[in-house]
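Heads up: the protein sequence lines correspond to chains A and B, in order. Position one of the first sequence corresponds to residue 190 (the numbering used here), numbered consecutively onward. Position one of the second sequence corresponds to residue 1194 (the numbering used here), numbered consecutively onward.
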Amino acid sequence: MTDIGSKGARRAGGLTRRGALKGMGAAAGLALGPGFVRYAQAQSSEPIRIGFQAHRTGIGAAYGRWYERVTEAAVARINEEGGINGRPVEIVVEDDGTDPARGAEVVEKFANQHKTDIVYGTLFSHVVTGSAPAAGELKMPYYVVSEGYHVASGRLNRWVVQPGITDVRSQVTSVAPWISGNLGKKVTMIYPDYAFGHDHRDFFEPAIAAQGGEVIAKVPIPPTESSFTRYFPQIPSETEVIYHVMVGPAVLTFVKEMGDFFGSGGPALFGFIDSLEAVALSSPGLEFLEGSHFWEGMARYAQPDMPDYERAYREAVGIDDSGASLDDPKDVSTAAHMFGCWETLYVIKAAMEMADYKGPDDRAKVIEATEAMSGFDAGINHPQGAKRFNGKLHQCFGHQNISLVENSALKVVHRTSIEDGLYEPEADYTAQPF
Amino acid sequence: MSFGPHLLLATLEGLVTSAVLALMALGLSLVFGVMRVVNVAHGEFFMLGAVVAWWVASIVGGHPAVGFLAALVVSPLVVAAVAFAAERLVLRRLSYEPEATIVATIGLLYIIQQLALTFYGPEARPVEAPFSIRVTLPWFGYSGYKLFVIAVAALLVVATWLMLTRTRAGLLMRATQYDRETAQAFAIPVDRVYAGVFALGAGLAAIAAVLIVPIQQAHYLMGLDPLLLSFIVVIIGGLGSLRGTVLAAVLIGLSDGIISVFFSPTLAKMLATLLVALVLVFRPQGLFGTAPR
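Here it is, written out as structure tokens:
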């Protein structure tokens, strides 16, 4: 082995100075290139540039692709209607790799290199939590579509807002009464062992207790796990309801293995559709879910009583009646979350117009204008439904859907009221200085 | 659940892990043993095997077993062909220098992974199991397919073993592994043996993937975890020792299953890593490896 090694060392020594310089020059050129593409100076007709932090790769990639499509559709519609303050909107996409460190770099890149007016996007809570300090330091408005409780908890900063999607605390609080009233009171929770799962754990327990129910066991699962059968013995036999919220590529395995383990005689199931976003319900192995219930932010399947604006929204983002892409019925959308992108962009438009946004100096005004909002009416700008917005929490509150799996499709059986999801606020971002 | 059934479940789960790990680590070990190449892209051959399996199964209609069997034949061949091409185009040109090949296979890892993301997409896609029998035990149900995986993997390990010890191709591989120069002096086409071994190693990973894909779905990032476990197995068993690799796979798989059922999966991973550290300190050649000559 040693003689092979020394041969390699000799060869490495053959690197010439000219070659090294050439390589370094090329690398420097690559790194600097995109930064030079820039408008000479701000003009009123110059586009408003929105930096879109997208999960193009990494475990969030399936969400990221649909977030990107919805963003494109919303921006196309906004531009058709005259843009923001008469200025066209331009989206600059950067991949955050579903990685917190990369997410923070992307925010810096938007601020320093792309010179975007604001930053928007992204779902996974660890990426948002990782990127928020960068947004705060750079004084860059950061509109997230992430549904974690991190925004409303007050742990982030004044530059982070979540006006387009409700948070986990609100979601679990609003579904708890329905679960205890319809499925059972003894609940075992299965959740991923990181921030998103912990939000579920921390807020569902008091919410179900308030309804006279009880969480009798908690089964945290490491986020990288790919096999689940080994966890099922931890589920007590007196369990009436299994509350499951799994994310990532292994969720199909999770459901299948649960089916193998319990057969047809198991407890009732209540899940968060997060587990099966971008997954067809007709996938082999999901037969076991028939008759179980899911939370859905927005219905994946077209419902018979769907309002016209919801139909128009579905058409604009390009999904068919079963929530799959119009171009490819196998390409299932992340319908329960992606509406948040559409709605957030309309909030950004409204806030920028209220603030009479002219350029980066007005960034704080955009945040103030957003904080001044109190709610949004249902309609084509907010197709998921009416929302209340708490400017102090930087968080919106809305209706939630509970859907039944019937013939491998989801049928909305209950829609919670906005009040069901309200809770005692813990934060006031408006008290923080810019 | 009482202790007996609990242990049974843990053992079954452990055996499934062992089965897949044994096939995969066997490929890694073979490549290292014969070629002295640490193939960091091995996990991506596994992933590619799963993706090709999905692709084959979705083209072939009819009963799920037809698609599965087609995948079991086509996928390892396709992956072996990709590996063969990579060996000819990259590794051979680097003269199999250890440092260069590590960097090259890291590059290969990213290329294969990103191509999968581009052309296959970010979703986890399932392949239907060839049959869906639920084995009902008094305490819990268990997937009949998982038992099938254990049996098939055991058969394949034995078949690989026989191939290496009883056939001419196996003899050439063992001779090359034992002493490359002397083998060459005896007119063994070492160059072609290398290409064959690299393709065979990748093919074994692909077979493991086809077996696992009805349980775990094909996803473009699925190669990382098995790669790490395979390295653990190969280091514990002794780099290049096939017997050690198989035994270490069973050991790691079972302990992973049992410790994760009774304690926590994180503890199982910690213990496996600790075992690697101990082996490296006290017996660097691995439990069954021979010290370098």
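Heads up, the beta-carbon is just placed ideally off N, CA and C, and yes, glycines get one too. Since the model is a prediction, treat every value here as computed from it, not as a measurement.
Exercise for the section: Would you verify that the beta carbon of Phe1333 (chain B) is, or is not, closer than 8 Å to some beta carbon of chain A? Expected result: yes
Exercise for the section: Determine, using beta carbons only, whether Glu1206 (chain B) comes closer than 8 Å to chain A. Expected result: yes
Practice task
Answer yes or no: does any C-beta atom of chain B fall closer than 8 Å to that of Asp449 (chain A)?
Solution key: yes
Handout entry: Inter-residue Cα distance where the pair is Leu1208 (chain B) and Ile1343 (chain B)
Key = 7 Å
Problem - Range of the contiguous beta strand (DSSP E) that encloses Phe1312 (chain B) - result: Counting along the chain, Phe1312 (chain B) falls outside any beta strand (DSSP E), though it belongs to the alpha helix (DSSP H) covering 1291-1312.
Exercise for the section: Quick one: using the 10 Å Cβ neighbour count with 16 as the cut-off for buried, is Gly529 (chain A) buried or exposed? Expected result: buried
Exercise for the section: Compare the C-beta of Glu1316 (chain B) with all C-beta atoms of chain A and state if any pair is closer than 8 Å. Expected result: yes
Practice task
In angstroms with no decimal places, state the Cα-to-Cα distance between Thr1466 (chain B) and Ile1445 (chain B).
Solution key: 10 Å
Handout entry: Under the three-state DSSP convention, the category Gly1479 (chain B) falls into
Key = coil
Handout entry: Buried or exposed by the 16-neighbour rule on C-beta atoms within 10 Å, applied to Arg254 (chain A)
Key = buried
Problem - Sufficient close CB pairs (3 or more, under 8 Å) joining the stretch 346-364 of chain A to the stretch 379-394 of chain A - result: yes
Practice task
Specify, as a first and last residue, the run of the alpha helix (DSSP H) that Ala243 (chain A) falls within.
Solution key: Counting along the chain, Ala243 (chain A) falls outside any alpha helix (DSSP H), though it belongs to the beta strand (DSSP E) covering 237-243.
Practice task
Quick one: which residues of the stretch 453-477 of chain A get their C-beta closer than 8 Å to a C-beta of chain B? List them in chain order.
Solution key: Ala467, Val468, Ser472, Pro473, Gly474
Problem - Contacts that His1235 (chain B) makes with chain A (C-beta to C-beta distance below 9 Å) - result: Result: empty, since nearest Cβ-Cβ is about 17 Å, beyond 9 Å.
Problem - Whether Asp306 (chain A) touches Ile405 (chain A) by CB criterion (8 Å) - result: no
Exercise for the section: With Val594 (chain A) as the anchor, note down where its beta strand (DSSP E) starts and where it stops. Expected result: 590-595
Practice task
Confirm, please, whether the CB-CB distance from Met1366 (chain B) to Val1386 (chain B) is below 8 Å.
Solution key: yes
Handout entry: Near the ligand SAM: Pro236 (chain A) beta-carbon under 7 Å from a heavy atom
Key = As far as ligands go, the structure on display features none, and thus does not contain the ligand SAM.
Practice task
Check whether the stretch 329-340 of chain A touches the stretch 512-524 of chain A, counting contact only when three or more Cβ pairs, one atom from each stretch, lie closer than 8 Å.
Solution key: no
Practice task
Have a look at Asp516 (chain A) and Tyr612 (chain A) and give me their C-alpha separation to the nearest angstrom.
Solution key: 41 Å
Exercise for the section: Anything in chain A within Cβ reach of Ala1346 (chain B), meaning under 7 Å, just list it in chain order. Expected result: None at all; the shortest Cβ gap to chain A is about 15 Å.
Practice task
Indicate whether the contact test is met: 3 or more Cβ pairs, each with one atom in the stretch 1198-1212 of chain B and one in the stretch 1443-1458 of chain B, closer than 8 Å.
Solution key: yes
Exercise for the section: Report the option in B:Glu1374, B:Leu1471, B:Leu1202 whose CA atom is closest to the CA atom of Pro1331 (chain B). Expected result: B:Leu1202
Practice task
Could you list which residues in chain B have their beta carbon closer than 7 Å to that of Ala251 (chain A), in chain order?
Solution key: Pro1315, Glu1316
Practice task
For Gly1501 (chain B), count neighbouring Cβ atoms within 10 angstroms of its own Cβ and tell me buried if that reaches 16, exposed if not.
Solution key: Residue 1501 (chain B) cannot be examined here, being either before or after the span of chain B that is shown, 1194 to 1486.
Exercise for the section: Report all residues from its chain with a CB closer than 8 Å to the CB of Leu626 (chain A); omit the five preceding and five following residues, and keep chain order. Expected result: For residue 626 (chain A) there is no data in the structure shown, the boundaries of chain A being 190 and 623.
Practice task
Output yes or no for whether 8 Å exceeds the beta carbon distance between Val408 (chain A) and Ile424 (chain A).
Solution key: yes
Exercise for the section: Measure from the C-beta of Leu441 (chain A) to each C-beta in chain B and report whether the shortest distance is under 8 Å. Expected result: yes
Exercise for the section: Tell me whether the beta-carbon of Asp382 (chain A) lies closer than 8 Å to the beta-carbon of Pro412 (chain A). Expected result: yes
Practice task
Could you give the DSSP three-state label for Phe1238 (chain B): helix, strand or coil?
Solution key: helix
Problem - 8 Å Cβ cutoff, Glu1374 (chain B) in contact with chain A - result: no
Practice task
Would you kindly report the start and end of the unbroken beta strand (DSSP E) that includes Asn579 (chain A)?
Solution key: 576-579
Handout entry: Cβ neighbour criterion (16 or more within 10 Å) applied to Glu608 (chain A)
Key = exposed
Handout entry: CB contact check: Pro411 (chain A) to chain B, cutoff 8 Å
Key = yes
Exercise for the section: Mind listing the chain B neighbours of Thr355 (chain A)? Cutoff is C-beta to C-beta under 8 Å, in chain order. Expected result: Neighbours of Thr355 (chain A) on chain B: none; closest Cβ ~25 Å, over 8 Å.
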